[in-house]
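Below is one structure, written out as structure tokens; the observations come after it.
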Amino acid sequence: MIRVRSLLSALLLASVGTAVSGCAATVIGAGATAGVAAAEERGLDGALDDAKIRVEINRLWFDRDIEMYRQMTLNISEGRVMLTGVVTTEQARADAVRLTWQVAGVKEVLNEVLVRAEGEPGLDQANDLWIQQKLKARLLTDGDVKNINYIVDVTDSVVYLLGIAQNSAEMDRVVAHARDVKGVKRVINHIRLKTDARRNG
Numbered sequence: 001m002i003r004v005r006s007l008l009s010a011l012l013l014a015s016v017g018t019a020v021s022g023c024a025a026t027v028i029g030a031g032a033t034a035g036v037a038a039a040e041e042r043g044l045d046g047a048l049d050d051a052k053i054r055v056e057i058n059r060l061w062f063d064r065d066i067e068m069y070r071q072m073t074l075n076i077s078e079g080r081v082m083l084t085g086v087v088t089t090e091q092a093r094a095d096a097v098r099l100t101w102q103v104a105g106v107k108e109v110l111n112e113v114l115v116r117a118e119g120e121p122g123l124d125q126a127n128d129l130w131i132q133q134k135l136k137a138r139l140l141t142d143g144d145v146k147n148i149n150y151i152v153d154v155t156d157s158v159v160y161l162l163g164i165a166q167n168s169a170e171m172d173r174v175v176a177h178a179r180d181v182k183g184v185k186r187v188i189n190h191i192r193l194k195t196d197a198r199r200n201g
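The numbering of the sequence shown is full-length UniProt numbering, which starts it at 1 and goes up by one.
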């Protein structure tokens, strides 16, 4: 039963991660994803719980409005859901938050969704992606940062950070890296320390 649960956990995690073509590749990818999840501070069970939350929120968004599903991004760490993206009305943002709270296991909703009326200038998505990849590369190559514990999202040149820091010094390094990337307007820090009592709440 334990082995079956482990396999199902790996496959579920793989299904919400990067798609890989081919049955053998899917199994290999699932195993690798599960290995990374187990090494994270939240552990495999925590990663699995977050994956289940992701699937359910996406389902609710898709059923409510395909544009909601398309325009917004969600990132999850230990039941803390960070919403980013751009919608055209305050009502759309409120609906996204309301639906997110309906999902079992959600402990906190970090609403970072921007509202821009139709016709306003769009986002420079290529620049946002460049900033995101640049920052991820910096975290990956910093030996004093356990990069697998961090989620980086960028919208309109604003960096949003989510995850778990080993200590204050590590968190400060991550924030400093983000601020140092060219073109970043602002850094929003939602990182929690490993010792934060709220992690067990």
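All residues carry an ideal CB built from backbone N, CA and C; glycine is no exception.
Express the C-alpha separation of G119 and E41 in angstroms, rounding to a whole number.
Their Cα atoms are separated by approximately 43 angstroms.
Beta-carbon separation of V113 and L83 under 8 angstroms?
Contact flag set, yes.
Grouping DSSP H, G and I as helix and E and B as strand, with all else coil, what is E108?
Collapsing the DSSP output to three states places E108 in a strand.
Quick one: residues in its chain with C-beta nearer than 8 angstroms to the C-beta of G79, no 5 flanking neighbours on either side, listed in chain order?
Annotation for G79: D49, D50, I53, G105, V106, K107, E108 place their beta carbon closer than 8 angstroms to its own, counting only its chain and skipping 5 residues before and after.
Can you list, in chain order, the residues of its chain with a C-beta nearer than 8 angstroms to that of D142? Leave out the 5 residues immediately preceding and following it.
Non-local beta-carbon contacts of D142 in its own chain, meaning distances under 8 angstroms to residues more than five positions away in sequence, involve R173, H177 in chain order.
Fully enclosed by the UniProt domain "BON" (127-195), which beta strand (DSSP E) runs are 3 residues long or longer?
DSSP runs (the beta strand (DSSP E)) wholly in the UniProt domain "BON" (127-195): 150-155, 158-165, 186-193.
Just checking, does the segment 128-142 make contact with the segment 91-105 on the three C-beta pairs under 8 angstroms criterion?
Taking 8 angstroms as the limit for Cβ pairs, the verdict is that the segment 91-105 does not touch the segment 128-142.
Can the beta-carbon of D153 be found less than 8 angstroms from the beta-carbon of N75?
Contact flag set, yes.
Pick helix, strand or coil for G46, following the three-state DSSP scheme.
DSSP places G46 in the helix class (H, G or I) of the three-state scheme.
Under the three-state DSSP convention, the category R98 falls into
Helix at R98.
Take the Cβ of N111 as the centre, count every other Cβ of all protein chains shown within 10 Å, and call the residue buried at 16 or more, exposed below.
Around the CB of N111, fewer than 16 other CB atoms lie within 10 Å, so the residue is classed as exposed.
Can you tell me the Cα-Cα spacing of A92 and V158, whole angstroms?
Each residue's Cα considered, the two are about 21 angstroms apart.
When you compare only the Cα positions, how much space is there between A32 and A39?
Model confidence at A32 stands at a pLDDT of 43, short of 50, so the residue's coordinates are unreliable; what they give is reported in the following sentence. C-alpha separation (whole angstroms): 11 angstroms.
Can you tell me the Cα-Cα spacing of T88 and Y69, whole angstroms?
Using only the alpha carbons, I get a separation of about 13 angstroms.
Within the same chain, show all residues whose beta-carbon is closer than 7 angstroms to that of L139, passing over the 5 residues directly before and after it, in chain order.
Closer than 7 angstroms at the Cβ level, and outside the excluded window around L139, lie V145, N147, Y150, V174, H177.
When you compare the CB positions of G163 and I131, do they come within less than 8 angstroms of one another, or not?
A distance of 8 angstroms or more separates the beta carbons of G163 and I131.
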